[in-house]
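Each number in the numbering used here comes from the position in the sequence shown (counting from 1) with 78 added on.
Note that CB positions come from ideal geometry on N, CA and C, so glycine has one too.
Computed from a predicted model, the values in this text were never measured in an experiment.
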Amino acid sequence: MTLSTAAEAQTSPTQIGRPGPSRRLVKLLGYWCLAALAISVARIWLPETAAFIETTWWTGSALLIGAVLLDFLTGRRITGLVGVRRLPGNLALGVRNSASLKLRNTGPRMLRLSVCDSVPQQLATTGLPRTAQLQPEQEISIEYNLVPHRRGSADFAQIEALAESPWGLWQTRVWLGQEQSVKVYPNFLGISSLQALSTEQTLRMLGLHQQQRRGEGMDFRQLREYRQGDSQRQVDWRASSRLHKLISREYQDERDQEIIYMLDCGRRMRAKDGELSHFDHALNGLLLSAYVAIKQGDAVGLHAFAAGQDSSGGQLPPVKGESAINLLLNNVYDLHSGTGSADYSGAAQQLLAKHKRRSLVILITNLRDEDSVELLAAVRLLTRNHLVMVASLRETAVDRLAQKPIEDFSGAVEGAAAKDFLRRRARLLQQLQACNVQVVDSRPELLHQALVEAYWCLKRSGKI
């Protein structure tokens with residue numbers, strides 16, 4: 079498809095603003111004013127040349143005014159300029175992407191342009207603005223880089239360009255193309271790199287080791303000939319006597335289990351570790367571990383609570399299959415942490431009202447000692463019907479403070495406070511384990527590995 083055809087299909091009519099003076103014209107007017115001042119001084123100090131200077135002044139002024147008017151009349155009409163913006167289908171948080179602006183001049187005269195795109199605030203750009211010169215029937219492409227720093231819908235307005243008049247004394251603002259929107263997802267490139275891999279390769283890429291347990295699971299898979307190393311309980315004696323050779327039963331890990339992620343979106347998840355917030359780290363860990371579970375044939379769902387008012391999504395019943403990860407991505411891309419406190423008990427009651435079937439419930443949060451009463455009540459409520467896992471994000475800043483060498487009294491106080499905080503937090507994690515809750519305690523950037531490892535241990539132990 080040529081650009082002209084694409085423009086007809088994908089662009090709105092070009093909008094043209096009113097011409098305005100360029101920097102060149104402003105400079106000329108400044109020089110004109112200085113010349114007028116110099117001539118006034120010359121008339122005082124050189125009266126014998128006053129008539130000649132005055133004639134020269136008025137002649138030059140007439141020529142300047144004529145040039146300005148002629149340039150205005152010939153440059154005010156901008157015709158035949160077409161623009162199309164090319165964006166990726168979607169963007170990933172913190173990942174550099176390329177976009178391009180294609181411009182074509184189908185008008186009768188050469189155009190000098192200063193081109194800029196109307197990029198939303200949640201995207202950082204490099205490579206704009208740019209200058210370009212288009213001869214009649216010439217087409218150019220301008221590429222620039224985008225780096226999203228906030229998830230959600232990124233809304234682009236039209237392409238903006240300043241077109242100069244032939245002598246560059248006037249500029250006309252032109253709006254090209256159409257408004258566009260693109261979704262900014264959590265960083266899903268990790269998922270993309272895993273899609274072509276087997277389960278064993280996926281775990282190895284995540285830095286995990288899959289325990290070899292040939293034929294030992296919970297669900298019957300098939301009968302096969304006995305192999306050295308098979309346990310005695312695997313032997314099917316009836317089939318062996320019928321076929322006059324040893325036959326073993328082969329099992330596989332249970333499938334069609336349900337995993338529901340309870341995602342804390344409260345204000346504590348807004349804390350930052352590096353460039354990403356705890357909430358964004360939690361989403362990345364959730365998506366990668368959910369992808370591994372989906373590949374194992376399990377269904378994944380989402381129950382987010384305490385989300386921000388500008389959020390959408392956050393509730394997804396358990397889904398499985400090839401489309402499940404896309405459904406999950408589309409459900410969380412515009413989900414943001416709020417400014418309120420997390421209500422664990424309320425979230426647990428809502429989840430129990432919606433999900434009756436026994437599931438693995440994974441609560442992802444940032445625990446502190448003051449949460450103990452409410453959190454313990456919530457997990458006791460959940461463990462009546464579900465297997466519960468609590469994944470807590472460690473605050474790296476507190477760990478560093480606790481390990482920092484003591485150099486003065488202030489440092490000693492800060493170090494003691496950090497160690498007391500960690501001691502109370504560890505006690506809460508022990509209380510959760512005493513309630514028969516699986517506990518994951520991880521640094522934010524390693525949460526995906528910790529969640530996958532914990533899921534895999536539960537899967538292999540037959541608990542799910």
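Identity of the residues DSSP links to residue i by a beta bridge
i           : result
residue 463 : Paired residues: none, contrary to the question.
residue 99  : 248
residue 535 : Note: residue 535 sits in no beta bridge, so no partner.
residue 253 : 93 and 238
residue 458 : Note: residue 458 sits in no beta bridge, so no partner.
residue 519 : 470
residue 21  : Lying outside 79 to 542, the shown extent of the chain, residue 21 is not represented and no answer is given.
residue 212 : 189
Nearest to residue i (by Cα), restricted to the options the options
i           : options               : result
residue 174 : 487, 492 and 262      : 262
residue 212 : 194, 221, 182 and 200 : 182
residue 380 : 203, 438, 519 and 523 : 438
residue 155 : 244, 231, 108 and 199 : 244
residue 357 : 192, 441, 110 and 129 : 441
residue 105 : 146, 121 and 402      : 146
residue 424 : 416, 455, 352 and 397 : 455
residue 179 : 185, 519, 195 and 124 : 195
residue 427 : 405, 446, 444 and 458 : 458
residue 109 : 483, 139 and 133      : 139
residue 161 : 525, 422, 193 and 149 : 193
residue 98  : 251, 509, 133 and 345 : 251
residue 416 : 255, 366, 355 and 513 : 355
Own chain partners of residue i with C-beta closer than 6 Å, once the 5 adjacent residues on each side are dropped
i           : result
residue 93  : 253
residue 228 : 200
residue 121 : 128
residue 152 : 244
residue 542 : 335, 438 and 536
Alpha-carbon spacing of residue i relative to residue j, whole angstroms
i           : j           : result
residue 177 : residue 224 : 7 Å
residue 347 : residue 393 : 18 Å
residue 478 : residue 205 : 38 Å
residue 188 : residue 214 : 6 Å
residue 302 : residue 400 : 30 Å
residue 112 : residue 96  : 28 Å
residue 128 : residue 118 : 9 Å
residue 237 : residue 201 : 15 Å
residue 171 : residue 499 : 32 Å
residue 197 : residue 220 : 14 Å
residue 488 : residue 473 : 21 Å
residue 338 : residue 350 : 25 Å
residue 575 : residue 143 : In this structure the chain extends from 79 to 542, so residue 575 is not present and cannot be described.
residue 167 : residue 107 : 48 Å
residue 388 : residue 169 : 19 Å
residue 467 : residue 334 : 19 Å
residue 476 : residue 506 : 17 Å
residue 165 : residue 260 : 8 Å
residue 378 : residue 414 : 20 Å
residue 295 : residue 540 : Note that residue 295 has pLDDT 49, beneath the 50 cutoff, so the model's placement of it is unreliable and the number below is only indicative. C-alpha separation (whole angstroms): 7 Å.
residue 361 : residue 264 : 7 Å
residue 460 : residue 207 : 55 Å
residue 70  : residue 239 : Since the first residue of the chain shown is 79 and the last is 542, residue 70 is not available in this structure.
residue 497 : residue 483 : 13 Å
residue 525 : residue 322 : 51 Å
residue 210 : residue 222 : 14 Å
Check: residue i C-beta below 7 Å from any heavy atom of the ligand NAD
i           : result
residue 319 : Ligands displayed in this structure: none; no statement on the ligand NAD is therefore possible.
Short CB-CB distance (under 8 Å) between residue i and chain D
i           : result
residue 107 : The structure shown contains no chain D; it is built from a single protein chain.
Residues near residue i by beta carbon distance below 8 Å, same chain, minus five either side
i           : result
residue 100 : 242, 243, 246, 247, 248 and 249
residue 324 : 303, 304, 313 and 318
residue 234 : 163, 165, 195, 196, 197, 198, 257, 258, 259 and 260
Contacting residues, own chain, Cβ-Cβ under 7 Å from residue i (five flanking each side not counted)
i           : result
residue 364 : 339, 341 and 442
residue 289 : Confidence is the limiting factor: at residue 289 the pLDDT is only 47, short of 50, which leaves the residue's position unreliable and the question unanswerable from this model.
residue 158 : 183, 184 and 185
residue 367 : 526, 529, 530 and 533
Below 8 Å, can you find three or more Cβ-Cβ pairs linking the segment 405-412 to the segment 427-436? no
Do the segment 367-386 and the segment 450-460 make contact, defined as three or more Cβ pairs closer than 8 Å? no
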